[in-house]
Amino acid sequence: MLGIDKRLIVKSTSQWLISGIVAGIANVLLSLGLFTVLGLGIDGLLNGEEVVSKYLPVLIGLLAAKLAAGWFFRFAQYRASSQTKLSVRDMVYAHALRLGPAVLDRKRTGELVNIAVDGMDWIELFYGVYFVQFVVGMATPIALCIYIGVVDWVVGLALIVAIPLTPMFLKALSAQFRKVSEKYADVNNQQSAAFLDALQGMTTLKMFNLGARRGAEMYAATEEQRVITMRLLFVNQVMILLVDFGFALGTTLVLTIVALLRMDAGFLSPGQVVALILISAEFAKPLSLIGEFFFAGAIGREFAKKIIAFLGETPTVGEAAGAVAPATRGTGALRFRDVVFSYPGTDKPAVDRFSLDVRPGETVALIGHSGSGKTTVANLVLRTLAPTSGTIEIDGHPVEKVTLDWVREQIALVPQDPYLFYGTIADNLRLARPEATDQELIDAAKAANIWDFIWASPDGMQTLVGERGLSLSGGQVQRVAIARALLKNAPIIVLDEPTSQIDLETESVIHEALARLTANRTVLLIAHRLKTVQTADRIVVMAHGRVIEQGSHDELLARNGTYAQMVGTTRTMESGHAVAGGVA
Amino acid sequence: MSTQQKSHWGTMLRLLAFMKPLNGVMAISVTARTGKMWGATLLVAVAAASVGKFIANPTSGELWSIAGWLVLGAFGLGLTHYIEQFTGHYVAFRLLAMLRNDFYKRLEPLAPAGMGTLRTGDAISRVINDCERVEPFYAHTIAPAICSIIVPASLLGWLYAIHPTFAWTLLPFMLFMVFVLPALIALIGGSGDADWRRTQGEVNAFLTDSFQGLRDTLAFGAGERRRLEARRMGEELGRGQEKLTRADAFQRGVTEFVVAAAAVAMLMVGQDLVQSGAVEVLRDLPTVFAITVTSFGAVIGLNNVINDYRVSIVCADRLFELMDQEPAVRDLAKGPLGTLRPALSFDNVQFGYQSGNDILRGISFDLAPGEHVALVGTSGAGKSTIVNLLLRFWDATGGNIHLGGRSIQELPLEELRNLVAVVSQRNYVFNTTIGDNIRMGKPDATQAELDQAARRANLKTWIDSLPDGYETAVGEMGSKISGGQRQRLAIARALLKDAPILVLDEATSNLDVETEREVNAAIRELQSGRTTLTIAHRLSTVQNADRILVLEQGRVVEQGRHAQLLAKGGVYARIFELQKDEVDALLDTGGPLPA
Numbered sequence: 085m086l087g088i089d090k091r092l093i094v095k096s097t098s099q100w101l102i103s104g105i106v107a108g109i110a111n112v113l114l115s116l117g118l119f120t121v122l123g124l125g126i127d128g129l130l131n132g133e134e135v136v137s138k139y140l141p142v143l144i145g146l147l148a149a150k151l152a153a154g155w156f157f158r159f160a161q162y163r164a165s166s167q168t169k170l171s172v173r174d175m176v177y178a179h180a181l182r183l184g185p186a187v188l189d190r191k192r193t194g195e196l197v198n199i200a201v202d203g204m205d206w207i208e209l210f211y212g213v214y215f216v217q218f219v220v221g222m223a224t225p226i227a228l229c230i231y232i233g234v235v236d237w238v239v240g241l242a243l244i245v246a247i248p249l250t251p252m253f254l255k256a257l258s259a260q261f262r263k264v265s266e267k268y269a270d271v272n273n274q275q276s277a278a279f280l281d282a283l284q285g286m287t288t289l290k291m292f293n294l295g296a297r298r299g300a301e302m303y304a305a306t307e308e309q310r311v312i313t314m315r316l317l318f319v320n321q322v323m324i325l326l327v328d329f330g331f332a333l334g335t336t337l338v339l340t341i342v343a344l345l346r347m348d349a350g351f352l353s354p355g356q357v358v359a360l361i362l363i364s365a366e367f368a369k370p371l372s373l374i375g376e377f378f379f380a381g382a383i384g385r386e387f388a389k390k391i392i393a394f395l396g397e398t399p400t401v402g403e404a405a406g407a408v409a410p411a412t413r414g415t416g417a418l419r420f421r422d423v424v425f426s427y428p429g430t431d432k433p434a435v436d437r438f439s440l441d442v443r444p445g446e447t448v449a450l451i452g453h454s455g456s457g458k459t460t461v462a463n464l465v466l467r468t469l470a471p472t473s474g475t476i477e478i479d480g481h482p483v484e485k486v487t488l489d490w491v492r493e494q495i496a497l498v499p500q501d502p503y504l505f506y507g508t509i510a511d512n513l514r515l516a517r518p519e520a521t522d523q524e525l526i527d528a529a530k531a532a533n534i535w536d537f538i539w540a541s542p543d544g545m546q547t548l549v550g551e552r553g554l555s556l557s558g559g560q561v562q563r564v565a566i567a568r569a570l571l572k573n574a575p576i577i578v579l580d581e582p583t584s585q586i587d588l589e590t591e592s593v594i595h596e597a598l599a600r601l602t603a604n605r606t607v608l609l610i611a612h613r614l615k616t617v618q619t620a621d622r623i624v625v626m627a628h629g630r631v632i633e634q635g636s637h638d639e640l641l642a643r644n645g646t647y648a649q650m651v652g653t654t655r656t657m658e659s660g661h662a663v664a665g666g667v668a
Numbered sequence: 013m014s015t016q017q018k019s020h021w022g023t024m025l026r027l028l029a030f031m032k033p034l035n036g037v038m039a040i041s042v043t044a045r046t047g048k049m050w051g052a053t054l055l056v057a058v059a060a061a062s063v064g065k066f067i068a069n070p071t072s073g074e075l076w077s078i079a080g081w082l083v084l085g086a087f088g089l090g091l092t093h094y095i096e097q098f099t100g101h102y103v104a105f106r107l108l109a110m111l112r113n114d115f116y117k118r119l120e121p122l123a124p125a126g127m128g129t130l131r132t133g134d135a136i137s138r139v140i141n142d143c144e145r146v147e148p149f150y151a152h153t154i155a156p157a158i159c160s161i162i163v164p165a166s167l168l169g170w171l172y173a174i175h176p177t178f179a180w181t182l183l184p185f186m187l188f189m190v191f192v193l194p195a196l197i198a199l200i201g202g203s204g205d206a207d208w209r210r211t212q213g214e215v216n217a218f219l220t221d222s223f224q225g226l227r228d229t230l231a232f233g234a235g236e237r238r239r240l241e242a243r244r245m246g247e248e249l250g251r252g253q254e255k256l257t258r259a260d261a262f263q264r265g266v267t268e269f270v271v272a273a274a275a276v277a278m279l280m281v282g283q284d285l286v287q288s289g290a291v292e293v294l295r296d297l298p299t300v301f302a303i304t305v306t307s308f309g310a311v312i313g314l315n316n317v318i319n320d321y322r323v324s325i326v327c328a329d330r331l332f333e334l335m336d337q338e339p340a341v342r343d344l345a346k347g348p349l350g351t352l353r354p355a356l357s358f359d360n361v362q363f364g365y366q367s368g369n370d371i372l373r374g375i376s377f378d379l380a381p382g383e384h385v386a387l388v389g390t391s392g393a394g395k396s397t398i399v400n401l402l403l404r405f406w407d408a409t410g411g412n413i414h415l416g417g418r419s420i421q422e423l424p425l426e427e428l429r430n431l432v433a434v435v436s437q438r439n440y441v442f443n444t445t446i447g448d449n450i451r452m453g454k455p456d457a458t459q460a461e462l463d464q465a466a467r468r469a470n471l472k473t474w475i476d477s478l479p480d481g482y483e484t485a486v487g488e489m490g491s492k493i494s495g496g497q498r499q500r501l502a503i504a505r506a507l508l509k510d511a512p513i514l515v516l517d518e519a520t521s522n523l524d525v526e527t528e529r530e531v532n533a534a535i536r537e538l539q540s541g542r543t544t545l546t547i548a549h550r551l552s553t554v555q556n557a558d559r560i561l562v563l564e565q566g567r568v569v570e571q572g573r574h575a576q577l578l579a580k581g582g583v584y585a586r587i588f589e590l591q592k593d594e595v596d597a598l599l600d601t602g603g604p605l606p607a
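Each protein sequence line maps, in turn, to chains F and B.
Numbering of the first sequence is given in this note's numbering, commencing with residue 85 and proceeding in unit increments.
Numbering of the second sequence is given in this note's numbering, commencing with residue 13 and proceeding in unit increments.
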């Protein structure tokens, strides 16, 4: 019923959880003490005693203790919550880093953000609050029965019946709750989704003059669902009536009648009976205590399940035990030997017996259709994917024998869609080298042809960029990414060439920046432009994960294969006759 | 501060007015809630009072009567709880539907200009959440607030009937709980809540950024650094939570204390009254104790209610702000038009989404009926803005747009939009069936018409191959269909709409070369006999146009046929030069690669 997974609880959390439980139970016991004194007061007054002066010290002590226990109960819950949040979030992010971007595509990243950001509030509530309330709630009836049994064993015995009432009713309620809330959540999600759909497509709807009509349809569907759901609730919610009724009967009624009979038989004083009756009201409290966070509990459990499943995923790329970081910075030699890679769940390899030797300082252009395996090759070099078989060597070191950090230090990546983090331009550049001086940042920006833009911005290097900052044009983002790579100063560059979405003016500016970046470095170029391809030392034409042609521009032309055919097509185009992929 | 306070009152009053249709149900809900709280007190009070009664009359008849009353009380408790829950759900359900419906109805005429920041799915999700957060205002704020007055007041009345001194003794404790404690909490918590929310927002944004930029983080070996930074921010958030923690812990401790202290006070007062002979021990004291210890139920947790209230008001404010915008265009023209010639003219049209930042700076061009004109230019040149103006999603700030010789401002919006069909880059596909999506072009289309549109859009064979045919669900945002299918679906829609003017806004720009070729076949089918305006940045799409207009910086800088423009060696020629050597495209024309 609890569904608490220990893997998500760290030691500091569990200490606070236990403290919270102790304080919660102490609170219940203190209430019992108070009611007992009230009963003693009644008996004393019946005998004409001065009860107030007699019990005042005890009462003051009780009040102080209640203040403290109540305070601590809440305090411990808060601490447990924030500890949970902190540690679980950390676990999720650390694991995401281990799994890497090749496993976490865009869709999965969306889910992950949902779990680690939105879900965390529920996890926090579930582990920090619900759990404590639940344990206290379950322990309360037992504590009450023991206490009552001490006062009078017959009444205590009669109330043992009440102990299973809490879990029983809770189970009934939760089953009912689940049914109703699932139905309700279902309907609500559906409607929420329809609403989202209509809002997102509103422009399209308006183009077809269907906006108003869609709204009316949505409302009608909602009404229909509401009637059905209300009918369901009408019957289902009767459970609430039964639980309340049964609880009151099982506790207050039983206790009152039995206690009155015991008083009649001379075993209990009137004051004691009154005290017991007041105590009987405490039986119902756990239900509301747990019920208060029931919803949070259910949702939190769902999120916890997702997180556990995520943490259970094994990274595809691991560091071998005893992996070492070679002391020297690599020269940039890169070698593939019969590398094969298949994505899990597919039988056709994405990269098939791929062999390639790249000399230090050489620029190799990979060309091929989308799906030909060039991006996978890049991922293999970056070790966000590990080959199924074959070896990749950097500077003569097989990559699986050296640390991941070392591999990634050897390579600077310039992707087609670089990601800029929310923060200043300086922050984004320093991603590559945190200790870079301001002058180094400026030098890199200059070399990447982005300095003029930065200099012209009012905040200069401190200009905020990224999702919530200034939105830069595609060409500007590219150049920031180039500056970043320059700062990293790695011997190998993996470059996914920007495409024609870039504005006309920036085209040449970017090429100049790229030329500076790639000079004297080993470059693995995922090319999209014939012009760039021609400048490469070697061109590798890929299809279906394999190398079908390779050589320099001139060699390939002489071979008269696929590449030569492509170049031929452009030549024809230049004369203005045929057009690639054009409308006939 | 005071203006903000005032607007909060305004928002609350507006919400209350909005919720009028639910007042009846709400009254039942409040009554039931009051009954439930009374029931809880009554049950214990009756039981406690029975001690005196049974001592006075120790018979089995008395015992049965006590049992009878308790059974009745227990049933009343259950019944009122049931009614409260049921009506509560009813209100929540109805209210959410009303809110969404109202919001939609108000926003629809404003779109897309009034959508403002709502361009992304995220922003829209936030609005949807806002709607859901307004709901607790009624369901979880009003009823507890009313009950927190009614229940303690009536219980004080009961105590007053037993002896006025009891009521006067409990009153300060009650007042403390209802008024003083929330104020104290606010004082201790201070800006803690707002601070915490803000920091929380920052942490969340940082994390979202970290996950989305995972590749770049890893590529630069910054993973560990970023993880530590996230942890540090989280710890800071925890420290920022300190004020809140203390406020909440304080509330809990004080509440426990006050409830117990009230009982102790009753014992003290009770002793005096017993000694002066004003009350009888067994007849009155047990009842008084029972009332005292159960009477706080209605006021405990009022704080959380205040919090709910605040969130609701803030969310409602945001929604109202969106709903209250002035529409960007007014639909003043009336009445049916005759048939218009499908000719278009833009005459010195100027426009900017923000003043001082003009996107179009005096654009002029004409489309004769049946002509095919293409607009090209780099991104940001204002190509798509032209569609927005033509459909009157916005109005031009200067110049004129004419359709069939009449200013588009003189045409009723509905008619204007009926005359133009648009196939764009990301056609929105609704999460329904393929059939429903195509039928958007003509809601009352017959099956034969649907079939014909699907066939002409090259979709028929695919649809027939699906087990559910037209009834196949397309998934959220068309997730279950490919890009090419999505475009062809949009084309089928436009075919069904059968409008005389067609706008192709980057209709094939997200497709790979091979798919583009397939879709182009369907586009040709759609174009025939229609006045067509093609907007594209990929030149391969536009070379067969009767005329090509080159847009730069909000103006038409060149126009003519493909060959003429190439020969001219201007902007068009430069763009062409840039695009002609795209490797992917060349690989395709180079014929299939050997496997």
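A virtual CB, placed ideally from N, CA and C, is assigned to each residue, including glycine.
Keep in mind the model is a prediction, meaning the values are calculated, not measured.
Mind checking whether residue i and residue j have CB atoms under 8 Å apart?
| i | j | result |
| --- | --- | --- |
| Arg26/B | Phe332/B | yes |
| Ala465/B | Ile475/B | no |
| Ile140/B | Ser276/F | yes |
By Cβ distance, which residues of its chain are closer than 8 Å to residue i, with the 5 residues on each side in sequence left out?
| i | result |
| --- | --- |
| Phe218/B | Glu241, Ala242, Met245 |
For residue i, which residues of its own chain have a beta-carbon under 7 Å away from its beta-carbon, when the five flanking residues on both sides are left out?
| i | result |
| --- | --- |
| Ala511/B | Asn430, Leu431, Val432, Ala433 |
| Gly660/F | With a pLDDT of 46 at Gly660/F, under the threshold of 50, the modelled position of that residue is not reliable, and the figure given next carries that caveat. There are no such residues. |
| Asp207/B | Gly252 |
| Asp89/F | Ala388, Ile392 |
Can you check which of these residues, the options, is closest to residue i by C-alpha distance?
| i | options | result |
| --- | --- | --- |
| Asn273/F | Gly22/B, Phe105/B, Lys592/B | Phe105/B |
| Gly507/F | Glu524/F, Leu556/F, Met626/F | Leu556/F |
| Val625/F | Ile126/F, Ile610/F, Thr619/F | Ile610/F |
| Val121/F | Leu339/F, Ile144/F, Val106/F | Ile144/F |
| Ile67/B | Pro141/F, Met347/F, Ala382/F | Met347/F |
| Leu464/F | Asp189/F, Ser454/F, Thr475/F, Gln560/F | Thr475/F |
Around the C-beta of residue i, are 16 or more other C-beta atoms found within 10 angstroms, so that it is buried, or is it exposed?
| i | result |
| --- | --- |
| Gln675/F | Any answer about residue 675/F is impossible in this case: the structure gives chain F only from 85 up to 668. |
| Trp180/B | exposed |
| Leu228/F | buried |
| Leu241/F | exposed |
| Gln366/B | exposed |
| Gly212/F | buried |
Taking DSSP's pairing of strands, which residues face residue i in a bridge?
| i | result |
| --- | --- |
| Gly507/F | Val549/F |
| Ile375/B | Val361/B |
| Gly635/F | Ile623/F |
| Glu524/F | DSSP, once it has assigned bridges, lists no residue as partnering Glu524/F. |
Between which residues of its own chain and residue i is the CB-CB distance below 6 Å, once the five residues before and five after are set aside?
| i | result |
| --- | --- |
| Ala110/F | Ala153 |
| Glu477/F | Arg419 |
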